[in-house]
Structure formats: C-alpha cells, structure tokens
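Keeping their order, the protein sequence lines are chains P and X.
Residue numbering for the first sequence follows this note's numbering, starting at 1028 and increasing by one per position.
Residue numbering for the second sequence follows this note's numbering, starting at 22 and increasing by one per position.
Don't be surprised by glycine CBs; every beta carbon is placed ideally from N, CA and C.
All values reported here derive from a predicted model rather than from experimental measurement.
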Amino acid sequence: MDHLDQLESQSVYILREAFNRIDKLAMLWSLGKDSNVMIWLARKAFFGHVPFPVMHIDTGRKFPEMYAFRDRYAAEWGLKLLLEECPPVEEVDPTLPPAARSAARKTLGLKNAIAKHGFTGIIAGIRRDEESVRAKERVFSPRGDTGQWDFRDQPPEFWDQFNTDLPPGTHLRVHPLLHWTELDIWRYVQRERIPVVDLYFAKNGKRYRSLGDKDITFPIDSDATTLEAIIMELEVTRAPERAGRAMDRETEDAFERLRAAGYM
Amino acid sequence: MSSRTAAITDSIREQLRIVIVGHVDHGKSTLVGRLFHDTGSLPDGKLEAIKAMCERRGMPFEWAFLMDAFQSERDQGITIDTAQIWFKTRKRDYVIIDAPGHREFIKNMITGAASAEAAVLLIDAAHGVQQQSRLHGFLLHLLGIRQLAVLVNKMDTVDFSAARFTAIRREFTDYLQGIGVTANYFIPISARGGDNIVERSPAMAWYEGPTVIEALDSFQPTRRPTDLPLRLPIQDVYKFDERRILVGRIESGRLMVGDKLLFSPSNKTARVATIESWNATGPVIEAHAGQSIGITLDEQLFLERGEIASLETDPPIETNVFRGRLFWLGREPLQVGNAYQLRLATREVRVTVQAIERVFDADDLSAKPAVEVPRHGVAEVILRSLPLLALDEGRHIARTGRFVLSDGTNIVAGGIVDMEGYPDQRELVTKRSRNIYKVEHRVSAQARAERNGHRGGVLWFTGLSGAGKSTLAMAVEQELFRKGYHVYVLDGDNVRYGLNANLGFSPDDRSENIRRVGEVAALFADAGMIVVTAFISPYRADRQRAREAAKGNLHEIYVEADIETCEQRDPKGLYKKARLGEIPEFTGISAPYEPPESPELVVDTRVLSVEESVAKIVDYVEKNFSLLKVNRGETH
C-alpha cells in the first residue's frame, strides 16, 4: 500500500463509520477539488453509490464554470443533489470584516439547511494542512445546538473509535479528508482521473488554487496548465493554499471566529 | 482497493508521524518551531507574520508561537489541543503532533499520540524528570508506541553540563525500565538556541550521539501487520443492489477469494466468494492488512457489525471477562460496579467493572489496590459483559486487543486486553457433538422426589482454597445423611483422581474440570440426590455454566473467607508453595477469584464456627428441598 492507498483506505473507513452510525447524513459539495475527491471516495466506499444527499450551499456568487460543473456531474454521478440558498449578507454578524461577512453567509445557509432537513451529520472536506485553525479538528467533531464548535473542550478521539453519540439538537461534522494535504489531493485526482473545474488550470499566467465566491477569491500567478504541472508547482511552493481567500486574513482571528461559529 | 503505483509520480516521499510530549513548559512548542525553521519547512511569510504580531502586541518573539496558532492559546500561553503540521528532512516528510503537556489536556495528548509511529519526550534540564514526564512515558507505552527519543532540553540553562545530562538520563532510564520501555536515544539539546537539533552543538562537544534530526530519520515507519493472523472486523453489511456485501478494514493478516472464514463470536463459517471493488482495473483476488474492503460470501449468513472474521486455524479468543490495562479520562472516577459501553474494533457492548485490581501511581509507578480510578489514572481492571466477545491479547494483535470505554456520549477510557489467568471460552460453546438425541425417562422427577421425601439438587460451594469448603461439605453430607437425605459430595481433590485425572491447572483445564463436575452434579441431581460440590471454581462464567447444566436446580453457596484468613489456615500448605512460586496460577495469589454476585447463601467462615456453618446450610436445605412439613431430625 502506498501513501495514497493508505489515505484512501482511512477515508473509506471514516465514511462507512459515518454511514453506519449517523441517521440523517448529508455531504457538503462546494464544487472544489476536495469535495470532488470526497464524492469519489464515497463511491469507492459504497461501491458506486452515494447513499446520502449531496448538498450545495449556494451563495449565488460562484463562478459560472462551477455551476456548469455541478449540473453536469450531479447527473453523471447519480447524486441526490440538494441546493440550499444562503441568506443575504445583511443577516450576518456585522462585527466581522467584509470578506469574512460574505463567507459567513455560508455558515448561516448551512445552519438553515441543517434545521430544515434535520441532519445529524454533515460530511465536510476540510483538511488539516489548509489552515492552522482547521489543524485542531477531530475526524468526528461535535457541534452545539447552534452549530458552534467548542475547540477548547473537544472529546478524545483515538484508535479510530469516534464519538458518534450526541445529545438531541446537536450534530456531528465528519471530516474524511482531515489527514490529506493539498498535494495528496492533486496526486489522487491524477491517479483516479477525477474531474475538476477548469479554473484550477492556468490561463494567461493565472490560475485559482482555491475556489470560493468570485468576489472574494483571487487567482495566483502560475503557468500550470496540467495536473502534472500543478503537482510540480505545489512541490516547491512555499505560499499558503488559501492565499487567494481574502476572508482568512483580514484580521488575525477572522478565520478562527468563522470556524467557531460553525463555518466549514 | 487496487494499487496503481505505476500511474503515480515517483515524487511521493515517505512520511512518518511523530508526537512530541513532556511536562508543560519543557519546551515542546519551541522545539517544533525550531524544527520547522531549521529544516526550511516554513511557508513564506509565516515567521514574519508572527514576528509582526508579537511587535503589535509588544511581546518578545517565541518560537512556540508558530505552533500555537490559536489566539486563545497565545493569550494563555499553553497548547490546548493537539495540532498537526508538516516538516521535511532530506530523507522524508514528518507529520508532527504537538501534544499538550498541561494535565487538564491529557485527552488531547492521547488523541494526538495514539496515531504516532514514534515519540519525542522532552525533559527540562534544570527541572529534571517531572510527574508528567513519567505519566507521558507510561501512556506512550500503553498506546503501543515503541520508538522513543528522550530530549533533555534547555541545556543552556545548566551550562551545557554533561553531568546534569547523565544524571537525568540515568533517572529516566530506570523509570522506563520499570514499565518495560527502552528509549532509543537520549539527546541533550537547547531548542531555543538550535543546539543538536539540525546542527551539532559546539557547546556540547562531549556529546557524541545523533542530533534530533538524525535520530528521527533513523526511526522506522509502522509496518502493517500482514504477517499476523487474519482479523477483519465487520463494519457494516450493504445491500445497495443484488449483492450482499460485508465491509470492513483488515486489521491484520491477509485474505483471498476462496478462504474459509470463521466469524466470531457467532461461530458461523463461510467462504469468500468475491472481493468487491469500484473503479478497480480488474478483479481483486487478494487483500491485506490496512485495506478497507468489501466481500461477498458463498452462503447467505446473518451477520452483523461487530463480528470478527478470521481463518479457522487461528481465531480470536472468545470470552465475557477480561483484564484491561487502561487510562481513565472520565470526569467522574471509575468505580467497581459501574457500567460502560465497550467498543472493541467495531463491536459495541455493555460491560460492568467487576474489580479494580490495581491502580498505578504515576509518580513512583507503585501499584496499589484501590476502590476507584481517578481522572487521568492508569489501572488494571476486570471487565465483564453478558454476551461473549471476540478479542485478542493486546500484546499479540494490537488492533483487536485494545478497546475504548464510553460513558454517555464521550470516550472516557482506552486500554489494552490482558487475558492472563482467564480461559478462552470458545471450545466450551462450540464443542458439542451434533448427533445426540435426548431420550425421555419414564420415571418423573416428581416421582423420585416423593419416594425420597426431598427434591434433588446441587449445592455448589465456591470460595478460596482454605475457606472451608471441603470441611463443611463433608460435615453437611454427614448431617443430611443422618436426617435421611440421599446425599453425596463431589470434592475437588477426589474428582481429580479419576474423572478429571487428565486435567492440569491451566485456566483452560480448570475451566474444563468445572464443566465436567457441573455436568456430573446435574446428573446426580436429576437422579434425585442432593449433591454437594466443593470446588474453588474461581470463574463466574464456569459457575454460570454449571447452573445452566443443572437447569436452574443449583444453589450457589459462597463459603467466604478473605485471602489473609485462608493463607493463615493453609490446611494443605498450598499457599506457602504458591508464594514460593512452586504452584503457578494459584487462585488468589497468581490467578483471579471472582466472588459470586448473588449467591443463594453466604457462609462467612471468619465469623461462624464449623457447627454454626453446617447448621446454617442444613437449615437452608430443609427449607428448600424437603417435602416433609416437619424437620427430619425430630421424626427419626
């Protein structure tokens, strides 16, 4: 078993645990590379099926290429797709900086969707290497009744025994990609030939390394037009992955505040 | 899953997961910051961002800030949770798990350390070995981490003294030896100054061993246990289409299409028909440890999550009682009689704490008996479940020999299985000949009882050696006989001369000894007699089986005396021999005794004389077995 085989096996194990132990389960699909990998892993775990709904929390501000991608692969992969809209920015905590405020719409949209469908488990494609706050996450991470994350007092989690019993009114976030790195994702995309949105590939010397809302996401300088080139670029880069995501670095604690309030 | 190594670029590097532990303030986060910087693994701008943040807040720069990314942690100055980050050496990539040293956050330290392949334990050169240093060393051992480098940090604060380093090394080596651990390296360092991290320290020319990086690079990645017996815990059963697929991860060994699998504890068998996969390049015929797989069987068996599949030749142990060496994380202490949810591989079952054998003192590692295990305590406890469990010795197959306990919604303990002194119960439930048909007697139990004037039944004496079982049994027999009862004693030593002459004193043999006695006693009782058995019968499961053999007509009589009293009496000189090590697995000394939970009668021989004890038992028999209204003694 090589490194990717081990990651795949671990993620499949996590997805099967979630499916066995959580009644009302849904997977978040942001249309980015990570959640595409996650859907792919679910099809591996469940032998071609995705036995729970796949939910897109739509801010309405994604790139047109992303919507086209969504509609094509939802049909091709036979997904039970749920589209949930985000409330307008006026409903969001006004003390947050502007870009974070925009991102926080997604938190609200998710919270509303969880309440509407009664989900008790949400599978999300976050990774430890993305952001130092996400590095603190558990694989099965309990959320309070308002969706908030108490990172100061997390339950122990070891030997692949996950905390899956929860008080009513709360839900679990499940993170099957937590141990993956950005490079692992791209190598797996390459090995498995998993489709991704074209925006990741360079055009005119620019490409998107991370995809979010079009008004708060910016491309990086790059000539990587193929998967091989992206992998080579990432092997040597020392720039952080979310450098193009404005919301992370407006203030020192912006991302931490977003996460504690229930952001992915 | 198929491995398509050919399609992957050759740039995938080896990875090793290490955990850094040690007492709070002994410099873990500083070491991590230093490792990152000195190996050139920091992202651009990270160091500058933190230096700028320090300036904004008017505080001096600390290497530890790299690790403590949370604002709240910067405010408190301690690492709250386990965080994972990556650094690279020429040889390979490292995932470092920084485990908090603060006592309150032990659960996070365990969460981080449990997934590590090697550990680094820091000791402050000036403060020396502290309680948390010892506890962390012990926990690493329980978590099964076998590669360890001990770093004596802050050598700059003791003038890089070789003598100080040697003293700490000696003290900690002695401690580790006591728990069966050997450290691979002791390295004197100064994390703040970068001494002996990547570069050798000119200030410590007396030190000739490896640097931290050299030590880390010498550790081996954990190898998947493909050579151990097959263990495939069933995680789920899927029926998405016409296939009925059993899924799970192979925890050890390997499996091939056509293999005959034994499922425990249900003891069903079937052959592997297919190994299922999706998006694989061709049919899969073999799978091995570490792989999450799905299989179909050649027979439709009803199997549930929690069963463990193995080959018939080397199955797991089946038992409903075992010893767990565990660490306790619950807010409330663990106490005898408490019930918890046990999770072992994918099995989940209710267990009761039958006994706390000993609690380890983290300071001097002495083991003491105790009535409860405090938060963050380490102890050996006896756990019992109603149904049979399939499990392994922790030291034999780690992944099916360890467990967690949960209480309500959270995990409160983790531990490893130790079956020493407890028998495998598998044969007792499986070895039954199939071609046996019961023949009905024409004489009813009622008719026998009416002729005898009393019902038949078993008086099952249990208790430690020297508690008085044989003495009382013979006296009770004599008295009941005098009163006209049909009565006979089956005594431990007597039975071993004949019926059980082929059995020794191993846990398995003792268990079989009791099984035979239980069956013979049941036949005597069925024949209408009162049979008194006088056997230590230390295991509750064995006595339960005897009770089942007697179809409920068994009366458990606990002949009670504590070990000190029995050892003092020592009528056969056995305790003396056991203490000298001449008798292995002697109940009460080197093998467990499980007292009855709800015996029909307790006779405490510390308080009652032989005459009083006999009277109490005879009185019980008169009340429960006699068909005559008046006491026999007066009518004869």
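Give a yes or no on whether the C-beta atoms belonging to residue i and residue j are separated by under 8 Å.
i	j	result
GLU577(X)	GLU621(X)	yes
ILE39(X)	ILE144(X)	no
LEU1285(P)	LEU1210(P)	no
ILE432(X)	PRO1267(P)	no
ARG346(X)	GLU401(X)	yes
SER1036(P)	ARG275(X)	no
LEU365(X)	LEU410(X)	yes
LYS1233(P)	ILE1247(P)	yes
GLY435(X)	CYS587(X)	no
PRO408(X)	ASN341(X)	yes
LEU142(X)	GLY43(X)	yes
GLY478(X)	PHE646(X)	yes
TYR196(X)	ARG155(X)	yes
GLY1148(P)	LYS1060(P)	no
Between which two residues does the beta strand (DSSP E) carrying residue i extend?
i	result
SER1062(P)	Premise fails: SER1062(P) lies in the alpha helix (DSSP H), 1060–1072, not in any beta strand (DSSP E).
HIS1198(P)	1198–1201
PHE207(X)	206–209
ILE266(X)	266–270
TYR196(X)	Looking at the DSSP string, TYR196(X) is not in any beta strand (DSSP E); the run it does join, the alpha helix (DSSP H), is 183–199.
THR290(X)	289–297
MET1082(P)	1081–1085
ASN645(X)	Taken as a continuous stretch (DSSP letters only), ASN645(X) belongs to no beta strand (DSSP E), being part of the alpha helix (DSSP H) at 631–646.
GLU331(X)	Before going on, a small fix: residue 331(X) reads as Ser here, not Glu. From DSSP, the beta strand (DSSP E) with SER331(X) extends over 329–332.
Which residue or residues does DSSP assign as beta-bridge partners of residue i?
i	result
GLN362(X)	ARG371(X), SER427(X)
ALA1251(P)	Paired residues: none, contrary to the question.
GLY43(X)	LEU143(X)
LYS1230(P)	LYS1233(P)
ARG252(X)	SER273(X)
Can you check which of these residues, the options, is closest to residue i by C-alpha distance?
i	options	result
PHE181(X)	TRP227(X), ALA546(X), PRO395(X), GLU220(X)	TRP227(X)
LEU1137(P)	LYS1233(P), GLY1059(P), LEU1254(P), ASP1085(P)	ASP1085(P)
ILE638(X)	ALA612(X), CYS587(X), VAL553(X), GLY311(X)	VAL553(X)
ALA85(X)	LEU68(X), ALA388(X), ASP216(X)	LEU68(X)
ALA555(X)	GLU235(X), ALA599(X), THR483(X), ARG531(X)	THR483(X)
GLY1171(P)	LEU1193(P), ARG1161(P), GLU1157(P), ILE1150(P)	LEU1193(P)
TYR115(X)	ALA236(X), GLY505(X), ILE403(X), MET130(X)	ALA236(X)
VAL293(X)	PHE284(X), GLY303(X), VAL278(X)	VAL278(X)
ALA1142(P)	ASP1180(P), HIS1202(P), ALA1053(P), LYS1060(P)	ALA1053(P)
GLY415(X)	PRO613(X), THR232(X), HIS162(X), GLY54(X)	HIS162(X)
GLY230(X)	GLU369(X), VAL357(X), ASP248(X), ILE210(X)	ILE210(X)
ILE208(X)	THR187(X), GLY199(X), ILE200(X), GLY422(X)	THR187(X)
Got a sec: is the Cβ-Cβ distance from residue i to anything in chain P below 8 Å?
i	result
TYR506(X)	no
TYR361(X)	no
SER313(X)	yes
LYS109(X)	no
ASP257(X)	yes
ILE41(X)	no
ASP102(X)	With a pLDDT of 43 at ASP102(X), under the threshold of 50, the modelled position of this residue cannot be trusted; read the value that follows with caution. Judged by the 8 Å Cβ criterion, ASP102(X) is in contact with chain P.
GLN36(X)	yes
VAL219(X)	no
GLY435(X)	yes
So that I know if they touch, is there some Cβ in chain X lying closer than 8 Å to that of residue i?
i	result
GLN1337(P)	Coverage of chain P is limited to positions 1028 through 1291, which leaves residue 1337(P) absent and any answer about it impossible.
PRO1327(P)	Within the shown structure, residues of chain P are numbered from 1028 to 1291, placing residue 1327(P) beyond reach of any answer.
TYR1040(P)	yes
ASP1192(P)	yes
SER1129(P)	no
PRO1080(P)	no
GLU1112(P)	no
Between which two residues does the alpha helix (DSSP H) containing residue i stretch?
i	result
VAL53(X)	49–59
ASN534(X)	528–547
PRO1125(P)	1125–1144
LEU318(X)	Unbroken run through LEU318(X) is the beta strand (DSSP E), 313–318; no alpha helix (DSSP H).
ASN174(X)	Here ASN174(X) belongs to no alpha helix (DSSP H); instead the beta strand (DSSP E) covers 169–174.
ASN473(X)	466–473
PRO1091(P)	1091–1103
THR340(X)	Segment 338–349 is the beta strand (DSSP E) holding THR340(X); no alpha helix (DSSP H) there.
LYS72(X)	67–78
LEU480(X)	That residue, LEU480(X), is in no alpha helix (DSSP H); its beta strand (DSSP E) goes 478–483.
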